[in-house]
Every structure is written in structure tokens, then in C-alpha cells.
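K.L.:
Number of protein chains: 2
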Amino acid sequence: MMQHNFSAGPCILPKSVFNKASKAVMDLDNSGLSILEISHRSKAFVEIMEKARTLALAHLNLNPNEYTALFLQGGASYQFLMTAYNLLESKAAYLDTGTWSAKAIKEAKLLGEVDVVASSKDKNYNYIPKSFTVPSDANYLHITSNNTIFGTQIKDFPQVDAPVVCDMSSDIFSRAIDFSYFDLIYAGAQKNMGPAGATLVVVKNDILGKVSRAIPSMLDYQTMISKDSMFNTPPVFSVYVSMLTLEWLKQEGGVSAIEKKNKEKADLIYTEIDRNPLFEGFAVKEDRSAMNATFTLKDEALKSKFDEMAKQANLNGINGHRSVGGYRASMYNALPLESVQVLVDVMKELERTA
Amino acid sequence: MMQHNFSAGPCILPKSVFNKASKAVMDLDNSGLSILEISHRSKAFVEIMEKARTLALAHLNLNPNEYTALFLQGGASYQFLMTAYNLLESKAAYLDTGTWSAKAIKEAKLLGEVDVVASSKDKNYNYIPKSFTVPSDANYLHITSNNTIFGTQIKDFPQVDAPVVCDMSSDIFSRAIDFSYFDLIYAGAQKNMGPAGATLVVVKNDILGKVSRAIPSMLDYQTMISKDSMFNTPPVFSVYVSMLTLEWLKQEGGVSAIEKKNKEKADLIYTEIDRNPLFEGFAVKEDRSAMNATFTLKDEALKSKFDEMAKQANLNGINGHRSVGGYRASMYNALPLESVQVLVDVMKELERTA
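Chain order of the listed sequences is A and B.
Residues in the first sequence are numbered consecutively from -13, following this note's numbering.
Residues in the second sequence are numbered consecutively from -13, following this note's numbering.
#1: By how many angstroms is the C-alpha of A:Pro221 removed from the C-alpha of A:Ser228?
#2: Considering just the uninterrupted stretch of the beta strand (DSSP E) at A:Val197, what are its terminal residues?
#3: Going along the chain, which residues of its own chain have a beta-carbon closer than 8 Å to the beta-carbon of A:Ile24, five neighbours each way excluded?
#4: Looking at the structure shown, is B:Val32 part of a helix, part of a strand, or coil, going by DSSP?
#5: Is the stretch 271 to 282 of chain A close to the stretch 248 to 256 of chain A, with three or more CB pairs under 8 Å?
#6: So, using beta-carbon positions, are B:Thr185 and B:Tyr71 closer together than 8 Å?
#7: Would you mind giving the Cβ-Cβ distance between B:Lys77 and B:Ala38, rounded to the nearest angstrom? I have them listed as a contact below 8 Å.
#8: Determine the closest residue to A:Met109 out of A:Pro121, A:Lys247, A:Thr83, A:Ala90, with distance taken between C-alpha atoms.
#9: Kindly list the residues whose CB is nearer than 7 Å to the CB of A:Val102, restricted to its own chain and excluding five residues on each side of it in sequence; keep chain order.
#10: When the Cα atoms are used, what is the spatial distance from B:Glu324 to B:Met179?
#11: Using 8 Å for Cβ pairs, my map puts A:Val342 next to A:Tyr207. What's the rounded Cβ distance?
#12: What residues from chain B crowd round A:Asn218, counting only those whose CB sits closer than 7 Å?
#13: Establish whether the CB of B:Cys(-3) and some CB of chain A are separated by less than 8 Å.
#14: Just to make sure I have the definition right: I need the residues of chain A whose C-beta is within less than 9 Å of the C-beta of B:Asn72. Which are they?
#15: Do you know offhand how far A:Phe66's Cα is from B:Ile244's?
#16: Looking at the C-beta of A:Asn(-9), does it have a partner C-beta in chain B at a distance below 8 Å?
#17: Check whether the Cβ atoms of A:Asn319 and A:Ser160 lie closer than 8 Å to each other.
#18: Checking 8 Å against the spacing of the C-beta atoms, do B:Thr130 and B:Ser87 come in under that value?
#19: Determine the extent of the beta strand (DSSP E) in which B:Ala296 is found, giving its start and end residues.
#20: Within 8 Å (strictly less), CB to CB, does B:Gln176 reach chain A?
#21: Who are the neighbours of B:Ala7 on chain A, taking C-beta pairs under 8 Å?
#22: Comparing the C-beta of B:Glu93 with each C-beta of chain A, is any distance below 8 Å?
#23: Should A:Glu183 and B:Asn218 be called a contact, given that it needs their Cβ atoms to be closer than 8 Å?
#24: By the criterion of Cβ-Cβ separation under 7 Å, what are the contact partners of B:Ala200 in chain A?
#25: Give me the Cα-Cα distance between A:Thr231 and B:Cys(-3), rounded to the nearest whole angstrom.
#26: I need the boundaries of the beta strand (DSSP E) containing B:Tyr172, first residue and last residue.
#27: In this structure, how does DSSP classify B:Ile91 when only helix, strand and coil are distinguished?
#28: Can you name, in chain order, every residue of its own chain whose Cβ lies under 8 Å from the Cβ of B:Val326, other than the five neighbours on each side?
#29: Which residues in the same chain have their Cβ closer than 8 Å to the Cβ of A:Asn248, if we skip the five residues on either side of it in sequence?
#30: I need the straight-line Cα distance from B:Met(-12) to B:Ala42, nearest angstrom please.
#31: With DSSP as the reference, label A:Glu99 as helix, strand or coil.
#32: Any beta-carbon of chain B closer than 8 Å to the one on A:Val102?
#33: Could you tell me if B:Asn302 is buried or exposed, where buried requires 16 or more neighbouring beta carbons within 10 angstroms of its beta carbon?
#34: Is the separation between the beta-carbon of B:Ser215 and that of B:Met35 shorter than 8 Å?
#35: Flag this pair as yes or no: are the beta carbons of B:Thr280 and B:Gly137 separated by less than 8 Å?
#36: Beta-carbon of A:Leu128 versus every beta-carbon of chain B: anything under 8 Å?
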């Protein structure tokens, strides 16, 4: 049975990546050893790590002389703290566009003044605030490019003087934008890049070294950079599978090519949400995410019928987050258009039979 | 070709675990989904996490009402910081038995006074200091039970009044001791428990909540406990493989049974090190580790011959750490006695043909 995996993350990855990863667990490249038992200092793994770091920068079209890619642990939640530790000297500006932004704000407050320049909390985060002013003395502006829970996505990034730090966990490698706009990007692997357990950080080298506090080794980007992302034992398997996924993305034609496919998927689901009288979208149209489509049933009484139909069609992971309710279709890079078509067909079938 | 994997970590795991993990990457328990693509909030993974936590405490024979097991990220290096953040109010005592102890001391110093009660650095850490006094006002004593690099291991734990925090990364689950002696145990998974990317923390609940500082969420044990080890996305695959390895350990008869096997392996290699006139052990005899045997060639001129013979015999990962030189045979739980026998045979063969 083919499963259609709409999970918000961890989420679907390419089938070819599963195949290679499964083989490597038994025997990595005919070495006679499993990827799980090799030393992280082995030639084989050092090459994997370097390939992953190189591919990440290449996909983002960033200059390796200006930016460094790191594969760390701890996810975005750890980066909420680490970014502030390394960059927040006196004051930082944060744009509050959802649960994850709010968590980032909470951790940053432990280390300095936080100016929340705008928030869409007033409407349960169903839009992206557009007009706000970043204080001229802010050490950086922190934004969340895509809000997984609410299904909103920043389309036009604000023009600001401050360095921009971006939590790109749920839409990195999904669309072609000018990544050199950002001074620091971080992303948990478990959406478009790989399995849970690895976190990509892409940092512009010249923004570091400007805070006066003593930074613990495990929170210090400069320590991680100086050790080529191997200050301590890295999450070997998660980095390996991330590397495989970044290779797959290259074979698919890179970020520009995948953006077209992502747009097709998003157009298909949003067209149906808007057409079908039984459903309505949660996020305002102009801020709709191409990664996570959030929508609700107008008549809750149809819920059990729709859920049963979805189950019969092998649709997985479409329940909405508890803070929004309804449904959420996450359509990351590896999700085939076919899966979205199956979901749309079920929505149409509900309309026909309700 | 059968490889003999003596790597210091990441290291050998049971073949049956590789088999199950490889299958789960394609299809977890006939769900039609890969372990890499399921939500960490799915019923399947919540059960895996709970099983891993329960097995960990059961193997250590610890009461689940007194202790909590957590699967975190970041390895021992992260715990150097996290333990101090949660427990160091004014002063802490540290026993310096090697590189990892020294790193733990470095991070703790950022948060309070550190009293290094004893150190074996004077002899390049080839022994465990035995007599020292822990200040009565120390918040805790920090020790490293096994020193991977130097091949020493604490056999008799000091009787102290202070709570004991132990870095047990390289010998947890390898021997039957009274684990209730410890108030906090941490261990990177990548030796006896699983692949890199997960870190086990076992904490006695009543030692927490006693420091006055504000603790960032990702560094707060109480936050991790309150969320059942799922404050944020856990390293799903590493936890899964750890669970499989802990299940395997149970099938093998648990910690007491594996201790016997580990003793057999250690006896075999150390007997040869002491017998063979070409070699000598690095660590003093009474403090020798059952996990990592460190030894050197008396005549460096034989090195290339021995290395070539080892290569021909498919012996992997026996190079010593640069701070000791020579050789290191790491003999974690999953290493078969047969592998140690092959190494010993090569050592004998060198003696015969040198």
C-alpha cells in the first residue's frame, strides 16, 4: 500500500534516499561496516560531512568564503538560544509570527533586551505583519520564514539595516530566493533536508565575535567553525541522510526546479480549498505557505466522515496542530504531486457524498 | 569479509540491531512508512521513546519513581554544560582523569567555582587518583567512570557526601554496579547504547530545582522531564536504534551477563599485552579499563609491519588516540570475543615473525 505522508516533520523524504540509507545501515559503500559503527574521524565520514556542508552552501548559492555551513544538534529550539548567545549584545528585534517565533523570543530574553517589532498573535497568527520598524541599535532582526503550525510564509523579506537571522526550518531548500540577504540561517533537518537529529546552520562569518560575554563551547559558532563542524561527535547518520537528500535535490535540478514542483502542489490544494464549499483556508491568501496548507471544515459534523475517507485513501499526518485545529497538509520537497491529488480527490468526494 | 571493529566510538553495535534498523528505514513494523519519516508525536514513536526510557532504567536497576531517563542531543560535551547549569550553585568538585574530565571542568568554570580535587595529568592520565577530599560545601562531585582515550576505569567509587555526577559515556551498561550510588549519569549513545546523535541522561529527581539562576529551556532538565523527553523533536532514529540495542542487551541477559563477556575479552587482550615481549600496556594495571585497552609497541620500528598485518586481518580502529599514541582496542558490549582473539593472534604472529 502506498502511503501519502503529509506529516509536518519529521516528514517524507525521497524513496531513493531511504533505499541508500537502508543499505548503508548494513554496509556503507562496500566497506563491510555499517554507517552506524564507523568513526566520525574516519575518512569516509569526514568526506560525507564535507560533502553535506558543500552541497548546502551550493544549493543556497552562497559563497564559501563568506558563509560557513555547520551540521549541529538540538534543532531550532537550540538555535533560539545559540543565536542569542552569539549575537545579542544589548538589544535584538524579533518578528512574532507564530509559536516558534514566540519560543525564540522567550530564550533570547534571558540574554538581553528583545524588541518584538510586530506580532500577528491578535489573529492567531493567520497572517504575516508587513509594516514595522527595526530599531537602529538592534544587533539583529530575527524572523521565521515559514510558520509550520499556522501555514503562513514570508514572501517579501523586509529591507532592514540590521543583520537578519532566519529560522528556515520548514522551508529551506524549497524556493529560490536571494539567500545572501540573510546573515544567519538555521533549520532543523527534519523537513526538506533529512531525518530528525541534525540542524543546519549557515552563518556569515563576519557577524561573529562581536559580543562580550563568555560563550560555552557547545554554544559557540566560532568553536564549531574552527573544528569543521566536528567539535564533538556529530549525529553521523542524520548528517549522512541529509547529504543523500541534498544530492537528490541536485539531481532534481536544485532549488529552482523544486520550487516549480512545490508551486504546482500548493496551487492544486489551495485551488480546491477555495473552490470546495465544505472547506475554508486558515491563513490569509497573500501569506499562504507553499509548504503547509492549513484548512478547516466549515461543518464540524463532517469530520468523522472525512477522517475515515482520508484513512481509507492512506492519507497520513493531515490533522491540524491543536492551536489551529482542522487540517494541515504539509507538502515538503519529497512529497509527490500525486499525493496532493489523492487528498484533493478525497475532498471532492466528500463534497459529492456529504 | 568480516570486519573486526575496535573503534572507540561511534562503534560496533549488534548485527541483529543493524538488520532491524535497516528494515525500519524502509518500513517500520509494516506501517508502510520509514522510521525516518514518521512524526515524533505518532503513537509508534511515543512507544519507542517510552520503551527506550523504561529499558534504560531497568538495565541500571533504578527505581522509576526516583530517577528519570531522558534521551537528549549534544553528547557528553553538551552535558558538561547542562549538568553545571542545573546543579552548580556555588562550588563543585571535579576529579580530573583525562581529556573529557578536563573539558567538563572548563565548561563548569563558566558557571561557578570548580575545585579539582585530584588529577592524574602528571602521568598523562595513566591512572585513577584514589585519595582526595571533597569539600563539604561542594554542590556535587563530577567523575568520569571510564576514560576512553587513556584506557583507565574507576573500579571503586569514592564514598562522599555530595551528590555524584558521572560521565559514563564509554562504559554504561557494561558492568553491574550499584547505580543508585549516582545522582546523575550521562552518556553519549555511541558506545554501548546506539549510534551517535542521542545522549542518555539518568537523573535523580530530587537533586533538581536547587540553583537560583534562570536556566534556558534547552538546558533545563526539569523542562525535559516535564515533556517526557520530547520538549522538542528528538533524534528519532538514534533513539530507535538505542531502544533496539537495549532490547538486545536484555536478550543477552542484561548488564551482569554482558559484564562476564566483557571480562573475558579484557582478560584475553591484557594477558597478551603482559605476555608478549613486543608490547606494553599504557594504563597502570589496577586501573585498566575493560572497555578500552591501550598499549604500545616497545620498538616503534615494528609499527608498519604490525599495521599491515592488522589490516590484512581486517582489524579496524585500533590506532591509539594522538595524546597516547600506540594502539587502543575498544571492546564494547557488541564486540565478539572472536574479534579480540584475531587481534591477539596478530600480536602473537608479530612476535613469531619480527
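Note that beta-carbon positions come from the ideal geometry of N, C-alpha and C, so glycine has one too.
P.N.:
Taking the structure as given:
#1: Here residue 228 of chain A refers to the residue found at position 242 when the first sequence is read from its first residue. Here residue 221 of chain A refers to the residue found at position 235 when the first sequence is read from its first residue. In this model, A:Ser228 and A:Pro221 are separated by some 11 Å (Cα to Cα).
#2: Locating residue 197 of chain A in the first sequence gives position 211, where the first residue counts as 1. In the DSSP assignment, A:Val197 falls outside any beta strand (DSSP E), carrying neither H nor E.
#3: Position 38 of the first sequence, counted from the start, is the residue given in the question as residue 24 of chain A. Within the same chain, A:Ile24 has close Cβ partners Leu14, Ser17, Ala30, Phe31, Val222.
#4: Walking along the second sequence from the start, residue 32 of chain B turns up at place 46. The answer is helix: DSSP assigns B:Val32 an H, G or I state.
#5: Under the 8 Å Cβ criterion, the stretch 271 to 282 of chain A counts as touching the stretch 248 to 256 of chain A, having at least three qualifying pairs.
#6: By one-based count along the second sequence, residue 185 of chain B stands at place 199. By one-based count along the second sequence, residue 71 of chain B stands at place 85. Taking 8 Å as the cut-off, the Cβ atoms of B:Thr185 and B:Tyr71 do not count as close.
#7: Working through the second sequence from its first residue, we reach residue 77 of chain B at position 91. Working through the second sequence from its first residue, we reach residue 38 of chain B at position 52. No, B:Lys77 and B:Ala38 are not in contact; Cβ-Cβ is about 35 Å, not under 8 Å.
#8: If you number the first sequence from 1, residue 109 of chain A lands on position 123. A small correction: the amino acid at residue 109 of chain A is Lys; Met does not occupy that position in the sequence shown. Between A:Lys109 and the set A:Pro121, A:Lys247, A:Thr83, A:Ala90, the nearest pair of CA atoms involves A:Thr83.
#9: The residue labelled residue 102 of chain A in the question sits at position 116 within the first sequence. Around A:Val102: Tyr80, Asp82, Ile91.
#10: The residue given as residue 324 of chain B occupies position 338 in the second sequence. The residue given as residue 179 of chain B occupies position 193 in the second sequence. If I take the Cα positions, the gap works out to 21 Å.
#11: A query on residue 342 of chain A cannot be resolved here, the shown segment of chain A reaching from -13 to 340 and no further.
#12: Your numbering for residue 218 of chain A matches position 232 in the first sequence. Here the neighbours are Gly61, Ser63.
#13: Numbered from 1 along the second sequence, position 11 holds the residue referred to as residue -3 of chain B. Taking 8 Å as the CB threshold, B:Cys(-3) lines the interface with chain A.
#14: Stepping through the second sequence from its first residue, residue 72 of chain B is reached at position 86. None at all; the shortest Cβ gap to chain A is about 14 Å.
#15: In the first sequence, the residue the question calls residue 66 of chain A occupies position 80. In the second sequence, the residue the question calls residue 244 of chain B occupies position 258. Annotation: A:Phe66 to B:Ile244 spans about 41 Å, alpha carbon to alpha carbon.
#16: On the first sequence, residue -9 of chain A is found 5 positions in, with the first residue counted as 1. Output row for A:Asn(-9): interface = yes.
#17: Position 333 of the first sequence, counted from the first residue, corresponds to residue 319 of chain A. Position 174 of the first sequence, counted from the first residue, corresponds to residue 160 of chain A. For A:Asn319 and A:Ser160, yes; Cβs fall inside 8 Å.
#18: Along the second sequence, read from residue 1 onward, the residue named residue 130 of chain B stands at position 144. Along the second sequence, read from residue 1 onward, the residue named residue 87 of chain B stands at position 101. Cβ distance < 8 Å, so B:Thr130 and B:Ser87 count as in contact.
#19: As a position in the second sequence, residue 296 of chain B is number 310, starting the count at 1. B:Ala296: not part of any beta strand (DSSP E); member of the alpha helix (DSSP H) spanning 289 to 298, first to last residue.
#20: Sequence index remark: in the second sequence, residue 176 of chain B carries index 190 (1-based). Interface criterion met: the Cβ of B:Gln176 is under 8 Å from a Cβ in chain A.
#21: To locate residue 7 of chain B, count along the second sequence from 1; it is residue 21. Those are Val11, Leu22, listed as they occur along chain A.
#22: Within the second sequence, numbered from 1, the residue matching residue 93 of chain B stands at position 107. The beta carbon of B:Glu93 falls within 8 Å of a beta carbon belonging to chain A, placing the residue at that interface.
#23: Taking the first residue of the first sequence as position 1, residue 183 of chain A is located at position 197. Taking the first residue of the second sequence as position 1, residue 218 of chain B is located at position 232. Strictly speaking, residue 183 of chain A in this sequence is Gly, with Glu absent from that position. A:Gly183 is not a Cβ neighbour of B:Asn218, given a cutoff of 8 Å.
#24: Numbered from 1 along the second sequence, position 214 holds the residue referred to as residue 200 of chain B. Contact of B:Ala200 with chain A by beta-carbon distance below 7 Å involves Leu96.
#25: As a working mapping, residue 231 of chain A is identified with position 245 in the first sequence. As a working mapping, residue -3 of chain B is identified with position 11 in the second sequence. The straight-line gap from Cα to Cα measures roughly 25 Å.
#26: Counting from 1 along the second sequence, the entry for residue 172 of chain B is found at position 186. Element bounds for B:Tyr172: 170 to 174.
#27: Along the second sequence, one-based indexing puts residue 91 of chain B at 105. When secondary structure is reduced to three states using DSSP, B:Ile91 falls in the helix class.
#28: Mapped onto the second sequence, residue 326 of chain B falls at position 340. Around B:Val326: Lys251, Leu254, Ile255, Ala315, Met317.
#29: As a first step, residue 248 of chain A must be located in the first sequence, where it is residue number 262. In its chain, beyond the 5 residues on either side, Ser160, Arg161, Ala276, Met277, Met317, Asn319 have a beta carbon closer than 8 Å to the beta carbon of A:Asn248.
#30: Against the second sequence, residue -12 of chain B aligns to sequence position 2. Against the second sequence, residue 42 of chain B aligns to sequence position 56. Straight-line Cα distance between these residues: approximately 30 Å.
#31: Position 113 of the first sequence, counted from the first residue, corresponds to residue 99 of chain A. DSSP, read as helix, strand or coil, puts A:Glu99 in strand.
#32: As a first step, residue 102 of chain A is located in the first sequence; it is residue number 116 there, counting from the start. It does not; no Cβ of chain B falls within 8 Å.
#33: On the second sequence, residue 302 of chain B is found 316 positions in, with the first residue counted as 1. Buried, since its Cβ has 16 or more Cβ neighbours within 10 Å.
#34: Indexing the second sequence from 1 puts residue 215 of chain B at position 229. Indexing the second sequence from 1 puts residue 35 of chain B at position 49. Against a cut-off of 8 Å, the Cβ pair of B:Met35 and B:Ser215 comes out as a contact.
#35: Stepping through the second sequence from its first residue, residue 280 of chain B is reached at position 294. Stepping through the second sequence from its first residue, residue 137 of chain B is reached at position 151. Taking the C-beta atoms as reference points, B:Gly137 is found nearer than 8 Å to B:Thr280.
#36: The residue labelled residue 128 of chain A in the question sits at position 142 within the first sequence. Contrary to the premise, residue 128 of chain A reads as His rather than Leu in this sequence. Chain B contact via Cβ: absent.
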